[in-house]
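Have a look at the structure below, then the notes.
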């Protein structure tokens, strides 16, 4: 049996022939996702392992396989990683990843920004949050972001999530808006400076902890009934 490839593309020149999208599992995957979360949103973590100085955001402790005290507002978590395993090298390179959690109504309302919508009426009993989905710049435009989206939404449905939420970054150039619309998400509200005061790391507008700036990018709250 042969592999399926896009029309006009052979197995030799298919850029995705050595690319895998899979569930994140173990410390290596968890720390890679923590790195992405930190690079784009400033989420704190510390390298190491569970027996030394390692520290991860609570949802990624599940991905790492660490036994930690339950946090009642975060009901479950699921990570996805994209890997490139070139045939001419003895290594696997992580080139993308994403995270989704299932949260309680209280935690979801806490995560939603204050706006002109009724948050209490919007949330469900079990709410999926798509926290981030990132693909390395050199691998964009090949549908990998879409596959990250699909895997996380499928998992959320399997966990009986009532609603799914996400923040969509709005800036010059390519945005995530077409992806949200393709998966049936509805824009709840656009905020001119969605992350101001909360996000001190943003590669797009140059915010860094060292310059005391915060993100000034616009963003949209997206929601979808599952």
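Residue numbers (the UniProt record's numbering): 1 to 226. Note that beta-carbon positions come from the ideal geometry of N, C-alpha and C, so glycine has one too.
Roughly how many angstroms lie between the CA atoms of residue 119 and residue 113, to the nearest whole one? Cα to Cα, residue 119 sits roughly 9 Å from residue 113.
Does the Cβ-Cβ distance between residue 63 and residue 36 come in under 8 Å? no
Inter-residue Cα distance where the pair is residue 145 and residue 168: 13 Å
So does the stretch 37-47 actually touch the stretch 10-24, counting three or more Cβ pairs closer than 8 Å? The answer is no - the stretch 10-24 does not touch the stretch 37-47, with fewer than three Cβ pairs under 8 Å.
Any chain B beta carbon closer than 8 Å to residue 24: Given the protein chain composition of this structure (a single chain), no chain B is represented.
According to DSSP, which residues form a beta bridge with residue 166? 130, 222
Assigned secondary structure, residue 214 (DSSP; H/G/I helix, E/B strand, else coil): coil
Look at the Cβ atom of residue 152, then the Cβ atom of residue 100, and state whether they are nearer than 8 Å. yes
For residue 185, the residue or residues it bridges with in DSSP: Residue 185 is not bridged to any residue.
Going by the CB atoms, is the gap between residue 24 and residue 80 shorter than 8 Å? Closer than 8 Å, so yes.
Check whether the Cβ atoms of residue 160 and residue 127 sit closer than 8 Å, and answer yes or no. Taking 8 Å as the Cβ cut-off, residue 160 and residue 127 do not qualify as a contacting pair.
For the beta strand (DSSP E) holding residue 25, just list the boundary residues, first then last. Residue 25 -> no beta strand (DSSP E), and no H or E assigned at all.
Cut-off 7 Å between Cβ atoms - residues of its own chain near residue 117, not counting five sequence neighbours on either side: Residues 188, 189 of the same chain have their beta carbon placed closer than 7 Å to that of residue 117, with the five preceding and five following residues left out of the count.
Nearest CA to the CA of residue 229: which residue from 57, 220, 155? Any question about residue 229 goes unanswered here, given that the chain covers just 1 to 226.
Would you mind working out which of 84, 82, 83, 57 sits nearest residue 71, comparing C-alpha positions? Nearest of 84, 82, 83, 57 to residue 71, Cα basis: 57.
Which class does residue 140 belong to by DSSP, given the choice of helix, strand or coil? In this structure, residue 140 counts as coil in the three-state DSSP scheme.
Mapping the DSSP letters down to three states, classify residue 5 as helix, strand or coil. Residue placement at residue 5 is flagged as unreliable, the pLDDT there being 38, under the threshold of 50; the coordinate-derived value follows with that caveat. If DSSP states are grouped into helix, strand and coil, residue 5 belongs with coil.
Closest Cα partner of residue 138 within the set 73, 150, 96: 96
Check residue 193 in the structure and name its three-state DSSP category. coil
In angstroms, rounded to a whole number, what distance separates the CA positions of residue 218 and residue 176? 12 Å
6 Å CB neighbourhood of residue 83 in its chain, flanking five on each side removed: 20, 92, 94
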